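Sequential numbering from 2 applies to the sequence shown in this note's numbering. We treat Cβ as the ideally placed atom computed from N, Cα and C, and that holds for glycine. Every value quoted in this text rests on a predicted model; they were computed, and no experiment measured them.
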Amino acid sequence: MKKIIIFNLLFCIVVMFVNYNYFNSKSRNAIVYNYVENYIETNYGIARENLKSEEIDYLRGRGLFEIEVKDIETKNYYFFEVDINDDYSLYYIKDLTELHRKNHPKNQAN
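Next comes the structure, spelled out in structure tokens:
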């Protein structure tokens with residue numbers, strides 16, 4: 002009986018830890034996408050309705066997010082590197098769009 006109680010307690014702790022990490026990563030992805038949407042809307046003049054997130058990668062070793070956003074009207078791709086603090090405030094955002102366009106001309110609209 003004691004073993005079952007200990008097993009259930011350990012199982013609950015593991016489940017809570019996994020859920021916390023999963024939902025924490027999902028909320029961080031949403032926050033990063035929101036920062037990038039604001040940046041594109043302000044600096045490129047593209048409406049939020051025309052943006053679609055293609056890929057959001059978290060680089061564990063560097064603690065950064067790489068995000069690829071597509072403008073569905075012009076079919077242009079925008080690439081960003083974003084870092085946020087533990088309280089979800091923006092630490093920095095780096096626009097890598099021109100670098101990617103130089104290296105991958107296929108990502109440009111005709």
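- Residue burial annotation: tyrosine 23 is exposed, with fewer than 16 other C-beta atoms found within 10 angstroms of its C-beta.
- Within the same chain, Cβ atoms closer than 8 Å to the Cβ of leucine 100 are found at Phe80, the five residues on either side in sequence being excluded.
- Rounded to whole angstroms, the separation of the alpha carbons of arginine 29 and isoleucine 94 is 14 Å.
- Of Leu97, Phe66 and Lys103, the smallest CA-CA separation from asparagine 86 is found for Phe66.
- In this chain, leucine 97 is not harboured by any alpha helix (DSSP H), its DSSP state being neither H nor E.
- DSSP lists Glu69 as the bridge partner or partners of glutamate 56.
- Counting C-beta atoms within 10 angstroms of its own C-beta, leucine 52 has 16 or more neighbours from the protein chains shown and is therefore classed as buried.
- If you draw a straight line from the Cα of valine 83 to the Cα of isoleucine 7, it is about 42 Å long.
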